[in-house]
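Remarks on the structure that follows.
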Amino acid sequence: MSIYKYTAASLTGEELPLETWRGRVLLIVNTASACGFTPQYAGLEALYKKYEPRGLTVLGFPCNQFGAQEPGSETEIGAFCEKNYGVTFPLFAKIDVNGANANQLFQYLTHEKPGILGTEAIKWNFTKFLIDRDGDPVARYAPQTKPEDLEAPIEKLLSA
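Start counting the sequence shown at 1; every next residue gets the next number (our numbering).
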């Protein structure tokens, strides 16, 4: 079982198999444009630019489940991220990460890497999942974890 069995809709609605990124280290993040953690887009983009040539891809999944902090359309989300943070890493269509309509990828990630006290629910925007080159989740990070604090674990996976 790995993330490669899942697909995700891009901001333009194109279904993309996660198989596309087989063999790469992935950082999968639920994002929002009007959150206190939104400035992390800059750090995520910096990680992507620094490590993409060595095999890292950041995947952003906008979510409006936490304080309605992602109210825009996919077009508005893409424009906001590009204009304000220069985001070039792949962004996907808005999804739910918790509840009955939770995206299947996030159901899998939260099951494989539960949060504190074993809870599977995502608590807020900018929860991060680090995935190895085989498509297996290796770590879950809280929204407060800054992207730059993930350099050491990313380096470790890129060097493996």
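C-beta atoms are modelled at their ideal positions from N, C-alpha and C, and glycine is treated no differently.
Extent of the continuous alpha helix (DSSP H) run through residue i
i    : result
P153 : 151-159
I95  : Unbroken run through I95: none, as it is neither H nor E.
A42  : 40-51
A79  : 74-85
T110 : 104-112
Top-ranked residue by Cα proximity to residue i, from the options
i    : options                : result
F61  : G13, K94, G23          : K94
T12  : T75, A160, P39         : T75
L150 : E19, Y6, L18, V25      : V25
L91  : E19, E45, L157, R22    : E45
L109 : G99, A100, R140        : R140
A102 : E112, I116, R133, A121 : A121
E155 : L47, G23, Q65, K83     : L47
Host beta strand (DSSP E) of residue i (start-end)
i    : result
I131 : 128-131
G60  : 56-62
N30  : 25-31
E15  : 15-17
Y141 : 137-141
Beta-carbon separation (whole angstroms), residue i vs residue j, contact threshold 8 Å
i    : j   : result
F80  : G72 : 7 Å
G135 : S2  : 3 Å
F89  : V58 : 4 Å
Per DSSP, the bridge partner or partners of residue i
i  : result
A9 : E15
- Message: Across the segment 24-39 and the segment 126-143, are there enough close Cβ pairs to call them in contact, namely three or more that are closer than 8 Å?
- Response: yes
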